[in-house]
Structure formats: structure tokens, C-alpha cells
């Protein structure tokens, strides 16, 4: 009798298959190509903790490619989940997760560290940049929430929140612009690079943090999916269906901040995935958030993994910023589907 | 029993409702009439609990509205609002199933599917079940919303607990056939343990189908009673400043002639 449950299973399986194939391709190819035999033997040695005997390529796989592939999946999934949550919360298909200030705040935090960090002598080891970005993202979002709620008449109004978000975003982005303007050349370059996103710094510690946050938020998001569906009817109708709207808004916003701040802290600003992944899934299986969240997580992972693959292969051994490639991958697919199946939007 | 006692409501310094007291009995079809800006929708939103009165009390059953847990309330009280658009597309089935959300945790049960299916058939909507909501006309969307609201309080079951149905302008998008159809179905589902209250603008339908009419003007109730008492040339002129000849007949619907 689970009418809805089973009908999407083929789509999910298909997406999972694509994701696995992409991830497998992604660990094999790059500046250096690694064979299946090398991959298998390195995993074997890793399990037996015989790391000392690893060859160069086996080491590249274990310490660079493998964590990078997983970070890609977790980051793509995180951004896509955040996108679904924000679009559902604002009842608006053009919303993306950075809208309430999180990613521009994170960009500002990172720029502040990259440009002024060395002269201020702040250092918390390899994590400093990530912590600075994360704090920046959280501060910017809190500012948005604070100003949006200070309007007594329009308390928790979506329009006020959106406009406040746009204002705070532009404030922090001009802060980033100012910092890159006063920065010396190499610093300015790192700011630019960071704003286009990069996964080249993927380490196992980053993988654990991002995956844990992603997994946790995914499970919580699924719990809210029914209430988010009800919210499609409008706030009044959702309330009449028993949803606790005030709580829902706060918690979903908190999930979004957590997802975006943490991923941005490790990989920089990656746009578009959060906007587009949910729409691609809507076209495939519809807008029921219970399935949309699952599908989008996979689609986000697929998009980012393929973007990363292209970013690494196109100019190999040089590497393009992933933020440049996500749009190149996403936009054509998106426009094609929009043209074909546009009744899903209007 | 659905009750408001000495309810007033102010927004932005404007008095929208002034000292309104009203109690609605079960087993009756109560309809609120009045000109634009009379406070009808506000009163309905106070009944539903969406807005809280500035002063005064609201109660459902014998209990104050504010003491209810939101989800428990949702199982006995359903509200049809004027909002019928969705930001994303869903199948009609999915929209109707939302009415069952207060009743199941994460997976809909057999019973939930049954309720939705029965009600879609009852309201002649079953052939639209697999359609994309965005491709429906305004009237069809509104009918889907009815069925969703009806499935929320399971109006075809034999359950004897009291249910409350609140309708804010349910006829807006409907053609004459479906206006008629809807009012007829509303009378069919009316039972001793159901309270229905709604806002309508069609005087003819109100006169013909209601048991109790509530006439509102300037945030106050000016008159309450059965159609043959509440609908007269004088009361309608007082309400709308429009001259109407009213002819009540024993064996046929009341006739209203506008001049």
C-alpha cells in the first residue's frame, strides 16, 4: 500500500548507480592515473595498516583522491539539502542556500584571515581558515535573522527576511571586495580562488567533519519533510494541519546555516548546486519533500563530483576552480530540462 | 460547539472586530454574510486560531482554543483558506493526502489512502487524482483543497466525536454548477456532530442552504437567525446598501430580485 514509496525507487537506484560510477572514475583519473589494482592494493594495505609499504600512486589514492571524492559527495549533498530546505521554507523556487547571508559571511571570514591573518598573528593550525569562514557565516546569518525579526509588524515575514538577506549579502561581499583590493597579489589570488571554491585541500579530517554534519542534517531534514510539504499550502494552512511553524522556521534555518557554513568553511563558496539540484529532482520525481531531500542529496553529489572531475581533467595537470565548472555542467542540463518539462515550474 | 465571547481584534490601530460574541451549534450550517471589510475573514481566522483576539475568549468544545495542542486540534478542526496556489508542483493525490498529515507519523496508512480515495470520489474529483496540480484550473484547485480539508477531519467516517469545518469563501473560484454541487454536498455531510461555519457572498445560495445566518457590518454582528428572518429587504439594504426584493416561499427556494 506504500503507493509513494516504491514509485521513486528506480530513480533513486539510477542516481545511486551514476554517483558510484562517477566517484569510481573520479578516484582513477587526474593528473596521475591510478589503476584498479593499485586502488585495491592500497585499500588492502590500509585495512591491514601497512601504510609504510604504500607506493606513490597508492598514497595519492589514499591521501588525496579518496578523501577528495568523499568530500565532493558530502559537500554536494549538503548544498543540495540546504537548497531544498530554503526553497521549501521560503516557498520560492529561485531561492538558494546562500540567501540568508551564510556563504557571503563565510567568504568574508575567510578573506579576513587570508588577507589580514598573517599580520594579526592569529593561528589555530590547519583549521584556522575553516574556523574563520564558519564563524563569518554564522555571524552574517545571525545578523540577517536579527534585523529581519526587529520589524515588529512583519515579524518572521518571508519578504523581510529575503530582503534583509540580500542587503547583508551585499554588505559582506563588498567587504570581501575591499579586502581583496587592499591585499597583496598572492593574497588577493587566494581570496579569488576561495570564492570560486576548491576541493584541492581535501583531507581526511575535513571529510569526517563535513560528512558527519551532512549525515546529521540529512536525517533531521527528513524529519521535517512532512511539515515542509504542508508549508507549500501557505503558513496558515500548514498551521491548521498541526505543523509548528515557528519552530520549523527556526530549526530549518539552523540546519541551513550548519550545512552551508561548514561546507563553505572547507571548500570555499560553491554556488548553483544548491539551487539547481533540487529542481533537477523535482523534474524527475516531483516536489514531495520526503523524496526530494533524498534525491537532491544524490543529485548534488553527482553534480559536484562531475564538476570536480572536469575541473581536474580539463587543463590537467593544472586545476580549474570548481565554482567555474559547476555552472558549465549544471546550466545546460538545467536549461534543457526547463525547456522540456517546464510545467513543473509554472 | 464553537464559541467566541466578547472578542475584539485590532491591527495597526484599526478596530477590525468589536466585542463579538457568537456561539455555533453542531449539526447546523452556519454562514456569515456581510460587505467587504466587515471583519468576516478575521472572525473566521479567530475561530481557526490563526490569529489571536486582542481581547476576549475563543473556545472549541468546552475548552479554550489556546489550551489545545496544535496537532490534536488539527485532527478535529479543518480550515479552508482562500489560498489555493502551490509554489511547487504536486500530484492532486499528494495534495489531498496532506489532509491526513495530522493522523500519521511518517508513512500514510491504508486507512489514510482509503479516506482520501472515498472523499475524492464523493466530491467527483477522482478522475483528477493523478493530474499535476499546476495544470488545474482555479475551480479545480479549490475543489482539491476542499477534499484535502474534508479528509483532514474524515467527514465520511462514522466517528462520533465532534468535528469542526471552517470555510473562508469556499465558492470563489467555482462555476455555478460546482457552487451548487458544493453546497449540496455540504448538506449531505452535515451530521449532528459536525459544526460548519463559512463565509459566502452569494445571497441566493446562503438563503437556500444555511440553517443559521450571521450578518456582519463594521466589525460587529448586526443580526443572526434562520434565512427567512435574516434575509429581508431591510437587512440587506442595511448591509450592502442595495435594494433587493425578497420572496420567501414555503415549498421553493427564496427568491432575491435586485433592482
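Chains as they are written, first to last, in our numbering: chain A, 1 to 346; chain B, 1001 to 1259.
Note that the Cβ used here is the ideal one computed from N, Cα and C, for glycine as well.
Among the options, nearest to residue i - alpha-carbon criterion
{"i": "residue 1261 of chain B", "options": "B:1010, B:1176, B:1179 and B:1026", "result": "Nothing about residue 1261 of chain B can be read from this structure; chain B reaches only from 1001 to 1259."}
{"i": "residue 1176 of chain B", "options": "B:1037, B:1205 and B:1093", "result": "B:1205"}
{"i": "residue 1242 of chain B", "options": "B:1160, B:1048, B:1120 and B:1257", "result": "B:1257"}
{"i": "residue 1208 of chain B", "options": "B:1244, B:1223 and B:1187", "result": "B:1187"}
{"i": "residue 236 of chain A", "options": "B:1201, B:1231, B:1036 and B:1047", "result": "B:1047"}
{"i": "residue 194 of chain A", "options": "A:203, A:250 and A:130", "result": "A:130"}
{"i": "residue 1266 of chain B", "options": "B:1231, B:1219 and B:1184", "result": "Limits of chain B in this structure are 1001 at one end and 1259 at the other, which puts residue 1266 of chain B out of reach."}
{"i": "residue 242 of chain A", "options": "B:1162, B:1049 and B:1053", "result": "B:1049"}
{"i": "residue 1028 of chain B", "options": "B:1197, B:1220, B:1227 and B:1253", "result": "B:1197"}
{"i": "residue 1017 of chain B", "options": "B:1031, B:1037 and B:1001", "result": "B:1037"}
{"i": "residue 134 of chain A", "options": "A:77, A:297 and A:260", "result": "A:260"}
{"i": "residue 297 of chain A", "options": "A:314, A:7, A:174 and A:275", "result": "A:275"}
{"i": "residue 272 of chain A", "options": "A:25, A:81 and A:50", "result": "A:81"}
{"i": "residue 1211 of chain B", "options": "B:1015, B:1201, B:1030 and B:1010", "result": "B:1030"}
Pair within 8 Å by beta-carbon distance, residue i and residue j
{"i": "residue 100 of chain A", "j": "residue 16 of chain A", "result": "no"}
{"i": "residue 73 of chain A", "j": "residue 23 of chain A", "result": "yes"}
{"i": "residue 1081 of chain B", "j": "residue 1115 of chain B", "result": "no"}
{"i": "residue 295 of chain A", "j": "residue 11 of chain A", "result": "yes"}
{"i": "residue 1144 of chain B", "j": "residue 1079 of chain B", "result": "no"}
{"i": "residue 149 of chain A", "j": "residue 228 of chain A", "result": "no"}
{"i": "residue 1262 of chain B", "j": "residue 1056 of chain B", "result": "Because chain B spans 1001 through 1259 in this model, residue 1262 of chain B falls outside it and cannot be assessed."}
{"i": "residue 79 of chain A", "j": "residue 302 of chain A", "result": "no"}
{"i": "residue 1084 of chain B", "j": "residue 1013 of chain B", "result": "no"}
{"i": "residue 1169 of chain B", "j": "residue 1147 of chain B", "result": "no"}
{"i": "residue 1226 of chain B", "j": "residue 1254 of chain B", "result": "no"}
{"i": "residue 305 of chain A", "j": "residue 103 of chain A", "result": "no"}
Terminal residues of the alpha helix (DSSP H) in which residue i lies
{"i": "residue 1240 of chain B", "result": "1233-1240"}
{"i": "residue 180 of chain A", "result": "158-182"}
{"i": "residue 293 of chain A", "result": "289-313"}
{"i": "residue 1137 of chain B", "result": "It is not in any alpha helix (DSSP H) - residue 1137 of chain B carries neither H nor E in the DSSP assignment."}
7 Å Cβ shell around residue i - same chain, five flanking residues per side excluded
{"i": "residue 1034 of chain B", "result": "1040, 1215, 1216, 1217 and 1239"}
{"i": "residue 1 of chain A", "result": "Its pLDDT being 35, under 50, residue 1 of chain A is placed unreliably by the model, and the measurement read from it follows with that caveat. None."}
{"i": "residue 132 of chain A", "result": "109, 110, 112 and 113"}
{"i": "residue 318 of chain A", "result": "none"}
{"i": "residue 168 of chain A", "result": "101, 140, 143 and 144"}
{"i": "residue 292 of chain A", "result": "84, 278, 281 and 282"}
{"i": "residue 1160 of chain B", "result": "1193"}
Opening and closing residue of the beta strand (DSSP E) in which residue i lies
{"i": "residue 1159 of chain B", "result": "Premise fails: residue 1159 of chain B is in no beta strand (DSSP E) and is neither H nor E."}
{"i": "residue 1181 of chain B", "result": "Note, residue 1181 of chain B: premise wrong, no beta strand (DSSP E); alpha helix (DSSP H) at 1176-1189."}
{"i": "residue 1005 of chain B", "result": "1002-1011"}
{"i": "residue 1258 of chain B", "result": "1255-1258"}
{"i": "residue 49 of chain A", "result": "Counting along the chain, residue 49 of chain A falls outside any beta strand (DSSP E), and DSSP gives it neither H nor E."}
{"i": "residue 1032 of chain B", "result": "1029-1033"}
{"i": "residue 1055 of chain B", "result": "1055-1060"}
Where residue i meets chain B, residues with beta-carbon distance less than 9 Å
{"i": "residue 247 of chain A", "result": "Within 9 Å Cβ-Cβ: nothing; residue 247 of chain A doesn't reach chain B, min ~10 Å."}
{"i": "residue 339 of chain A", "result": "The premise fails here: residue 339 of chain A is roughly 16 Å from chain B at the closest Cβ pair, so nothing lies under 9 Å."}
Closer than 7 Å at the beta carbon, the chain A residues around residue i
{"i": "residue 1088 of chain B", "result": "93, 232, 282 and 287"}
{"i": "residue 1064 of chain B", "result": "Simply none; closest approach about 18 Å."}
{"i": "residue 1094 of chain B", "result": "288"}
Under 8 Å from the C-beta of residue i: neighbouring residues of chain B
{"i": "residue 237 of chain A", "result": "1079, 1081 and 1083"}
{"i": "residue 226 of chain A", "result": "1101 and 1106"}
7 Å Cβ cut-off: residues of chain B touching residue i
{"i": "residue 229 of chain A", "result": "1098"}
Contact list for residue i against chain A, beta-carbon separation under 8 Å
{"i": "residue 1102 of chain B", "result": "241 and 242"}
{"i": "residue 1050 of chain B", "result": "236, 239 and 240"}
{"i": "residue 1074 of chain B", "result": "240, 241 and 242"}
Residues that residue i contacts on chain A, provided the C-beta gap is smaller than 9 Å
{"i": "residue 1159 of chain B", "result": "Going along chain A, no residue has its Cβ under 9 Å from residue 1159 of chain B, so there is no contact; the nearest lies around 18 Å."}
{"i": "residue 1212 of chain B", "result": "Per Cβ cutoff of 9 Å: no residues; residue 1212 of chain B is ~23 Å from chain A at best."}
{"i": "residue 1129 of chain B", "result": "Within chain A, no residue comes near residue 1129 of chain B; the closest Cβ sits about 11 Å away, beyond 9 Å."}
{"i": "residue 1036 of chain B", "result": "None at all; the shortest Cβ gap to chain A is about 20 Å."}
{"i": "residue 1091 of chain B", "result": "286 and 288"}
Cutoff 6 Å; reference residue i; Cβ partners in own chain excluding five residues on either side
{"i": "residue 70 of chain A", "result": "207"}
{"i": "residue 346 of chain A", "result": "Its pLDDT being 45, under 50, residue 346 of chain A is placed unreliably in this model, and the value from its coordinates should be taken loosely. Once the five neighbours on either side are set aside, residue 346 of chain A has no close Cβ partner at all."}
{"i": "residue 188 of chain A", "result": "180"}
{"i": "residue 323 of chain A", "result": "196, 197 and 270"}
{"i": "residue 176 of chain A", "result": "107, 108 and 111"}
Residue i at chain E interface by Cβ criterion, 8 Å
{"i": "residue 1071 of chain B", "result": "Here the protein chains are A and B, and chain E is not one of them."}
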